[in-house]
Amino acid sequence: MKRPPIAQILLIAVALAGFAVFYLPYLSMRWAFSPFGDTVYLTGPLFCEISRSVQAGVTPLMNWSSFEALDFNPHVATYYPFYLFGWLDFCSPKAAAQASDVITVLHLGLFAVTMGSLIRATGAGWLAAICGAALAATLPNTYTIANFPTFITAFAWLPMAIEGMVRLFYRRQFPLGALLLAVGTSAMLTAGPGTNLLSAVVLIGLVMGADTAIRIIRTRDVSFAIRLACALAVAGGVIAILSLASTINLFSHIGELIRWTRSGPVVGRSGTANITEILTEQRDWRDLPQLLAPINVNYAVGYYLLGPAALLLALLGAVRRWSEPMVRVFAILVVLCVVLVFLSPARLVLIWAFTPGLSHTRHLSLVATPLALGIGILAGHGLAVLLGRDETIPHRPVLLLASLLVLVAGVASILFSGPLRSYDPAMYLAALAAVSALLFAGLLALRPGTIRQAGVAGLLALQFAFLYGTLPRNDGTPAMTRTELWGAVEAAITHIRNTDPDPGRLAFHPSIQGGDVGYFQAGSEATYLDLPTFSHYTSPRIYWKFVHEIGLIGDSTYAPLGGKYLISMAEQPQTLGSQVFQSGPIRVYLLNNRRPMVAAICPAAGQTPLPDIAGLKAPLGQLPLLQGPEVQTIAGFQAGNSDCPAGAIDAAAWIDRSHNSLDFAIAPGGERLLVISMPPYGAWQLWVGGQRVPLYNLREQQIVAQVPADVSGPAMLLYRPTAYAWRLKISQGAWALVILALAGAIIWSARPQAASAPKS
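In the numbering used here, each residue's number is its place in the sequence shown (first place is 1) plus 13.
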């Protein structure tokens with residue numbers, strides 16, 4: 014077997030070493046990607062809850078801290094395997110940060126693999142594909158996205174979806190292309206249901222679709238158009254089936270999401286969505302230095318820095334291989350992204366807000382993702398040109414002029430554009446930019462061979478060195494966990510847990526952290542400590558549940574709804590409750606007029622108000638809703654006038670994750686009403702002594718059940734979303750079949766082509 018030349022070995026070593034040096038330190042506690050806001054407050058508690066259910070051996074269906082129904086929540090598909098539920102620990106801020114980094118590094122590796130395959134599919138050689146993938150994986154936009162775990166997991170599969178379109182539109186490999194498009198898109202939607210990164214698939218698909226439509230019109234290739242349309246239809250159908258239990262499931266609740274994102278209650282400073290919000294991230298031509306210099310700017314979900322070497326390699330790939338349709342379309346994509354962000358008027362940018370597939374996003378910085386993807390592909394082709402056998406590279410004067418412009422503009426941007434987002438000094442970065450431009454110009458003059466290949470390895474190393482200082486290097490221990498406030502809240506929750514076996518639902522006053530969403534973030538600490546709360550910071554929320562709970566904040570009316578303790582930074586009146594603990598600025602109040610999570614009411618004979626359940630209407634996703642006098646009657650009972658004698662409920666309600674249930678017991682007695690302070694999802698089932706009891710919806714806030722006189726014993730309030738369960742089974746079975754089909758298509762496409770017989 015012939016051994017690869019030493020220069021090729023050097024190139025592969027530089028590419029792999031660059032990736033390893035960039036990302037392996039994050040597997041230790043020394044560095045961390047995220048600044049910990051969303052990791053600690055949002056995904057950490059959510060993943061912690063899901064992990065607890067997985068460890069109990071059940072499919073996670075409910076967030077048992079905030080009572081969020083996970084089949085409603087679009088943040089995560091609980092069956093996505095690469096989140097490693099059951100293995101990684103998410104149940105403390107420090108553990109959540111470390112687990113998030115493990116997930117991120119794993120998916121960065123997956124992105125490098127799928128990106129390399131995409132570059133290879135566009136016509137570059139395997140060596141250029143490896144180097145181009147390493148370059149793309151280390152662009153700052155990539156690790157900016159890594160600040161949010163579900164974004165980077167979706168991002169890892171984005172190149173696979175794009176490769177599917179490349180093989181459909183340009184290579185005419187219809188079965189393989191349709192499967193890659195379906196699997197890649199579905200994996201994105203499973204890793205992060207409703208992910209904003211789907212906008213990259215849509216934008217790239219629009220550009221490829223327009224280019225392909227022009228080619229079809231020119232060639233009048235009707236057969237190709239029909240086969241392409243059929244393949245896209247098949248891919249769409251497969252995506253719908255694979256995403257049935259994740260993203261497609263959300264469409265049954267899409268009205269709730271729209272109410273939340275477009276007209277929901279204002280939480281702190283976040284406000285509701287505004288169609289012109291996207292313009293806040295629009296730039297102009299004076300911001301173009303952001304492409305060359307690590308300027309200290311922050312966007313919601315992207316970063317535009319490319320680096321001198323990547324920009325020059327991409328330019329070489331575009332200029333040298335412009336005649337190739339697959340390269341040309343990505344060159345057009347890159348130009349479109351730059352124009353859209355930096356060179357277009359506001360009215361043109363607003364087209365983004367009205368384009369299906371793009372309109373659900375509010376951040377123009379998402380354009381940085383297709384820009385980085387296009388640059389990675391073009392740079393891969395630029396590397397292929399330099400690693401190829403061309404004795405002379407065409408358009409050398411243009412490329413040399415570009416080298417000079419990048420040298421001057423890069424050095425000037427670094428030295429004169431203000432504060433930089435890099436740990437390296439400006440002079441060092443300016444020197445790297447200048448050397449990169451000069452080395453690129455020198456490579457254009459060299460003949461193909463070992464020296465030019467070694468020079469390419471050097472150029473790649475300069476790119477890595479230039480970007481290395483921009484890596485986030487947060488401490489592996491979240492800084493907020495070392496604050497007095499965090500420690501005080503944790504001490505308060507720990508005191509409640511240690512002194513009260515039945516703590517009810519914890520409530521947090523908006524005085525914590527000065528209001529805004531601080532009191533919701535403090536509720537995340539309750540989740541880590543395995544206590545139910547009104548105030549876990551999840552987003553987006555179920556509108557009807559959230560608008561009810563946020564309405565409790567004004568007068569802290571938590572007690573009638575299962576609240577027992579209020580945690581506050583402000584002193585509260587005795588009419589609300591009595592202070593039982595204080596740690597630093599945090600006070601704990603035992604609320605007055607509190608009601609248990611499950612309250613038993615024994616009305617007098619003939620006072621049972623519940624009608625036939627068949628005659629009631631059920632709001633979308635909820636139990637049948639009680640109306641009129643029945644509501645007022647039960648409200649009167651809840652004042653304590655008709656409570657059953659002590660002992661009607663044999664045991665305090667407790668959460669059983671092994672059955673996805675809230676468990677308690679009912680003593681023998683007469684006919685009773687149960688008022689359960691849980692969101693009235695339509696998927697609840699109540700079983701008492703082996704018999705199912707019908708459930709009603711009280712004011713879209715609580716659950717009511719009527720227990721007959723002859724029914725008693727162990728009671729379980731089970732969460733059983735049957736529609737979600739069968740969707741889950743269909744998706745999981747379809748995934749197994751589609752992966753087998755994809756493997757078969759890859760093997761079939763890679764088979765050696767039989768030589769055709771010579772013509773006589």
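Note that CB positions come from ideal geometry on N, CA and C, so glycine has one too. Computed from a prediction, not measured in an experiment: that's the story for all the values here.
Taking all protein chains shown into account, do 16 or more other C-beta atoms lie within 10 angstroms of the C-beta of residue i, making it buried, or fewer, making it exposed?
i	result
R282	Confidence at R282 is low in this model, with a pLDDT of 47, below 50, so its placement is unreliable and the value that follows should be read with caution. Per the 10 Å Cβ criterion, exposed.
D84	buried
M42	exposed
V352	exposed
K558	buried
S769	With a pLDDT of 43 at S769, under the threshold of 50, the predicted position of this residue should be treated as unreliable, and no value is reported.
C61	buried
R460	exposed
M691	buried
K742	exposed
S259	buried
F536	The amino acid at residue 536 is misidentified as Phe; the sequence shows Gly. G536 should be labelled buried.
A648	exposed
A501	buried
V27	buried
S378	buried
T91	buried
For residue i, list the residues DSSP reports as bridge partners.
i	result
G729	Residue 729 is actually Met in this sequence, not Gly. For M729, which the question treats as bridged, DSSP gives the partners D676, W700.
I308	L433
G590	L604
A613	L687
M493	Bridge partners of M493: none, in fact.
M75	A82
A125	Answer is none; A125 lacks a bridge partner.
V706	L699
Y300	In the sequence as presented, Tyr is not what sits at residue 300; that position holds Asp. DSSP, once it has assigned bridges, lists no residue as partnering D300.
F264	Its beta-bridge partners do not exist; DSSP assigns none.
A501	A501 pairs with nothing; no bridge assigned.
Q534	According to DSSP, Q534 bridges with nothing at all.
A520	L579
I662	I679
Does residue i come out as helix, strand or coil in the three-state DSSP assignment?
i	result
L189	helix
I555	coil
S596	strand
Q21	helix
E81	strand
F98	strand
T546	strand
K577	strand
A45	strand
I406	coil
I716	strand
N160	coil
A286	Note that A286 has pLDDT 49, beneath the 50 cutoff, so the model's placement of it is unreliable and no number is given.
Y694	strand
I566	coil
Q585	coil
W739	helix
L326	helix
N487	strand
L639	coil
L711	strand
Which whole-angstrom value describes the C-beta separation of residue i and residue j, a residue pair presumed to lie in contact below a C-beta threshold of 8 Å?
i	j	result
V751	L101	Wrong, their Cβ atoms sit about 27 Å apart, outside the cutoff.
L3	V720	Beyond the ends of the chain as shown, which are 14 and 773, falls residue 3; an answer cannot be given.
V332	V419	Incorrect: roughly 14 Å between the Cβ atoms, too far for contact.
V601	Q587	The Cβ separation is near 14 Å, so there is no contact.
L324	L304	7 Å
V347	L391	7 Å
With three or more beta-carbon pairs closer than 8 Å as the criterion, would you say the segment 68 to 83 touches the segment 677 to 684?
no
Should the segment 162 to 172 be regarded as contacting the segment 203 to 216, the criterion being three or more beta carbon pairs within less than 8 Å?
yes
Count the CB pairs spanning the segment 147 to 157 and the segment 311 to 324 that are closer than 8 Å, and state whether there are at least three.
yes
Report yes or no: do the segment 125 to 132 and the segment 291 to 304 share at least 3 C-beta pairs separated by less than 8 Å?
These segments do not touch.
Could you say if the segment 157 to 164 and the segment 487 to 504 meet the contact criterion of at least three C-beta pairs nearer than 8 Å?
no
Any contact of the segment 181 to 191 with the segment 141 to 148, i.e. 3+ C-beta pairs under 8 Å?
no
Is the number of C-beta pairs between the segment 724 to 737 and the segment 691 to 701 that are closer than 8 Å three or more?
A contact exists between the segment 724 to 737 and the segment 691 to 701.
Mind the definition here: the segment 193 to 202 touches the segment 247 to 254 only if three or more C-beta pairs lie below 8 Å; say whether that holds.
Taking a cut-off of 8 Å for Cβ pairs, the segment 193 to 202 and the segment 247 to 254 touch, as three or more such pairs fall below it.
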